[in-house]
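Structure first, commentary second.
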Amino acid sequence: MELATYPLNQRRDAWAWRLVATGASFVLFGVGGLLLRVVVLPLLACLPGDAPTRRRRARAAISRAFHLHVQFMYRTRVLDFAIDGAERLGRPGQLVVANHPSLIDVVFLAAQIRDANCVVKQGLFDNPCTRGPVRTAQYIGNDGSMDMLERAADVLREGQCLIVFPEGTRTAPGQPPRFHRGAAAIALRGARTVTPVFITVDPPTLTKGRPWHHIPPCRFRVRLHVGADIDPAPFNTDAALPIASRRLNDHLHQLFHRELAAT
Numbered sequence: 066m067e068l069a070t071y072p073l074n075q076r077r078d079a080w081a082w083r084l085v086a087t088g089a090s091f092v093l094f095g096v097g098g099l100l101l102r103v104v105v106l107p108l109l110a111c112l113p114g115d116a117p118t119r120r121r122r123a124r125a126a127i128s129r130a131f132h133l134h135v136q137f138m139y140r141t142r143v144l145d146f147a148i149d150g151a152e153r154l155g156r157p158g159q160l161v162v163a164n165h166p167s168l169i170d171v172v173f174l175a176a177q178i179r180d181a182n183c184v185v186k187q188g189l190f191d192n193p194c195t196r197g198p199v200r201t202a203q204y205i206g207n208d209g210s211m212d213m214l215e216r217a218a219d220v221l222r223e224g225q226c227l228i229v230f231p232e233g234t235r236t237a238p239g240q241p242p243r244f245h246r247g248a249a250a251i252a253l254r255g256a257r258t259v260t261p262v263f264i265t266v267d268p269p270t271l272t273k274g275r276p277w278h279h280i281p282p283c284r285f286r287v288r289l290h291v292g293a294d295i296d297p298a299p300f301n302t303d304a305a306l307p308i309a310s311r312r313l314n315d316h317l318h319q320l321f322h323r324e325l326a327a328t
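One point on numbering: in the working numbering, the residue at position 151 of the sequence shown is 216, and numbering is uninterrupted.
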């Protein structure tokens, strides 16, 4: 599914309108999650097919819902966006690794991949607006356990595409991303390839600890750039897994620092 690439509009838009449209976007997200849970996903589950087929349908429905949500935010002038290289996402056994500057990063990424698994915050499994979709899509809760790492590696070995945010939470405003080693450990256990996605949000908004109504003075711009694939195998050839994980994590950390500093 390709959302890219709309030209970025530099015009300043009315603050009051964007505040209303931002609030409407949050309401729409919650309502959409509930509709998926009580209407769309139960109807899809009634269609014939085995468990993997039903799971793919659920993920496709979520991806489409995210696509429509991005379109709503774009059409109401909440944001502009550009996405480069989306056609290289969604391959079997692909681990998609991204930085996490804003609340809506996963919305943009999952909208690009029709059948994506995702490591998500554990609290989403208890939220009434999100627990239906994340459970039906069989997303993986980030509880920090070794079992979580193995489950994530298993889905990659099965040929699923998996989205991971190695920071585990949104980047602190004004700070470079700081990656935990979990993503690298998952990659070395099961990924065929690792694909970095560099995300920038300018001016910063929807950051950690910032209320939704603290909107920037102009329409913000989201950019996603899909980087070159990384083969995890060379990091795993002559070292124990903990050392290999540290090497790959250091490589990813330096890569993201370099690429994000250049934007």
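Positions of the beta carbon are idealized from the N, C-alpha and C atoms, including for glycine.
- Taking the Cβ atoms as the reference, V162 lies roughly 5 Å from P261, within the contact range of under 8 Å.
- Bridge pairing for V162: V229 and P261 [DSSP].
- For secondary structure counted as the alpha helix (DSSP H) over 4 or more consecutive residues, the region 119-198 holds these complete runs in sequence order: 170-177.
- Closest in C-alpha terms to A252, from the list R222, C111 and F94, comes R222.
- If you draw a straight line from the Cα of T87 to the Cα of F190, it comes to about 24 Å.
- A Cβ-Cβ separation of about 3 Å places G150 in contact with V291 under the 8 Å criterion.
- Burial is judged here by how many other beta carbons sit within 10 angstroms of a residue's own beta carbon; D170 has at least 16 and is buried.
- Membership of L289 in the beta strand (DSSP E) is indicated by the continuous run F285 to V291.
- Of F173, G155 and G158, the smallest CA-CA separation from F137 is found for F173.
- For G255, the uninterrupted alpha helix (DSSP H) segment begins and ends at G247 to G255.
- Below 8 Å, too few C-beta pairs join the region 233-241 and the region 211-222 to call them touching: fewer than three.
- In the DSSP assignment, N314 falls within the alpha helix (DSSP H) that extends over L306 to A326.
- By the Cβ neighbour-count rule, P113 is exposed, with fewer than 16 other Cβ atoms within 10 Å of its own.
- DSSP, reduced to helix, strand and coil, places G206 within a strand of the structure shown.
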